[in-house]
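K.L.:
Residue numbers (my numbering): 92 to 424.
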């Protein structure tokens, strides 16, 4: 059974309700049809019911089992607008702007539904930026209690791969934070290890990546990673981590034996922490395209309820996978 098939089976064991705001996108409609057919989750689509059903029919699918909520004709619209205003009035929100935002931005409307426990999670981003998904989640849901920051990760499932967890890795941060500080890298590592355990189920081994392994190069970029490892050991003593490590030393046992002998992580890492977004984002795209890997995300960690982003280059199958992962996250809330 593949990684994502296992996630789907877990999602089916305790059905959760996931909001898909981007009903105007064909991939979202196709994904919703597959999710309902496979009984992975209950689905809420946002938009005009007649248009959604007509679009589905034109694609040769149906979404009869979905709940369709039209923000333009929702019984709770005024209530949501009042709540949104109250949440944001100290930031300059007006009642008129709150109504306008909820009318024009279905993702914000969906996050309000999520806050009111009308669903368990939300997935968006197939045709909008990460900021469009993240902004309302942070404004309305805020961060999870005890969490220092919100970060993004991809789950990479590489076929026919002996590295990582049978080819499964977390790459972080590969979608959100551009140039994390050492303190932020340590926090991202801790959150990513917890996400790995929650979603993959096996023990996380966390590698802080660099162009240097154990002092082989000197540079302020290396110093940042070295300091991040020191902070991680001090603040997250249960985290099995090491660094600074080059990627080959992190995942290849023979290279690890030469470059980082005695490391508890080198040669077996399955959670890779990149020093910045340039490295993480390009790495996931290269692995996805060159190794024909499945890439699920960017998943978001640290938000009070499960909200996950999509790459605008995603397929409808990718949306199905991220919805299944979001449903599993919601099971653990």
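Where a beta carbon is used, it is the ideal one built from N, C-alpha and C, also for glycine.
All values reported here derive from a predicted model rather than from experimental measurement.
Should residue 250 be labelled buried (16 or more other beta-carbon atoms within 10 Å of its own) or exposed?
P.N.:
Flag for residue 250 reads exposed.
K.L.:
Might you give, ordered along the chain, the residues of its own chain that have their beta carbon closer than 6 Å to the beta carbon of residue 259, omitting 5 neighbours on each side?
P.N.:
Closer than 6 Å at the Cβ level, and outside the excluded window around residue 259, lie 94, 248, 291.
K.L.:
Pairs of beta-carbons, one from the stretch 357-371 and one from the stretch 283-300, closer than 8 Å: are there three or more?
P.N.:
Touching, per the Cβ criterion.
K.L.:
What are the boundary residues of the alpha helix (DSSP H) that residue 203 is part of?
P.N.:
Looking at the DSSP string, the run of the alpha helix (DSSP H) that includes residue 203 is 197-206.
K.L.:
Name the DSSP bridge partner or partners of residue 234?
P.N.:
Per DSSP, 394.
K.L.:
Less than 8 Å between C-beta atoms, sequence neighbours within five positions excluded: which residues of the same chain meet that for residue 221?
P.N.:
Answer for residue 221: 243, 266, 267, 389, 400, listed in chain order.
K.L.:
Look up residue 362 in the DSSP assignment and say whether it is helix, strand or coil.
P.N.:
DSSP places residue 362 in strand when its eight states are reduced to three.
K.L.:
Pick out whichever of 357, 168, 125, 417 has its Cα sitting closest to the Cα of residue 207.
P.N.:
The shortest Cα separation from residue 207 among 357, 168, 125, 417 belongs to 168.
K.L.:
Below 8 Å between beta carbons: does that hold for residue 378 and residue 356?
P.N.:
Not closer than 8 Å, so no.
K.L.:
By how many angstroms is the C-alpha of residue 410 removed from the C-alpha of residue 386?
P.N.:
Going from the Cα of residue 386 to the Cα of residue 410 covers about 11 Å.
K.L.:
From 119, 132, 121, pick the residue whose C-alpha is nearest to that of residue 102; which is it?
P.N.:
Comparing Cα positions, the closest option is 132.
K.L.:
For residue 134, which residues does DSSP report across the bridge?
P.N.:
In DSSP, residue 134 forms a bridge with 109.
K.L.:
Grab the span of the beta strand (DSSP E) containing residue 248 for me, first residue to last.
P.N.:
Here the beta strand (DSSP E) through residue 248 covers 242-248.
K.L.:
Keeping to the same chain, check which residues put their C-beta closer than 6 Å to that of residue 316; ignore five residues upstream and five downstream.
P.N.:
Counting only Cβ-Cβ distances below 6 Å, and skipping sequence neighbours, we find 299, 301, 334, 335, 366.
K.L.:
When the distance is taken between beta carbons, is residue 396 closer than 8 Å to residue 212?
P.N.:
Yes, they are a contact pair.
K.L.:
Quick one: residues in its chain with C-beta nearer than 6 Å to the C-beta of residue 344, no 5 flanking neighbours on either side, listed in chain order?
P.N.:
Cβ neighbours of residue 344 beyond the five flanking positions: 358.
K.L.:
Give the secondary structure of residue 293 by DSSP, where H, G and I count as helix, E and B as strand, and everything else as coil.
P.N.:
It is coil, neither helix nor strand.
K.L.:
Between 313, 158, 289, which has its C-alpha nearest residue 135's C-alpha?
P.N.:
The residue with the shortest Cα to Cα distance from residue 135 is 158.
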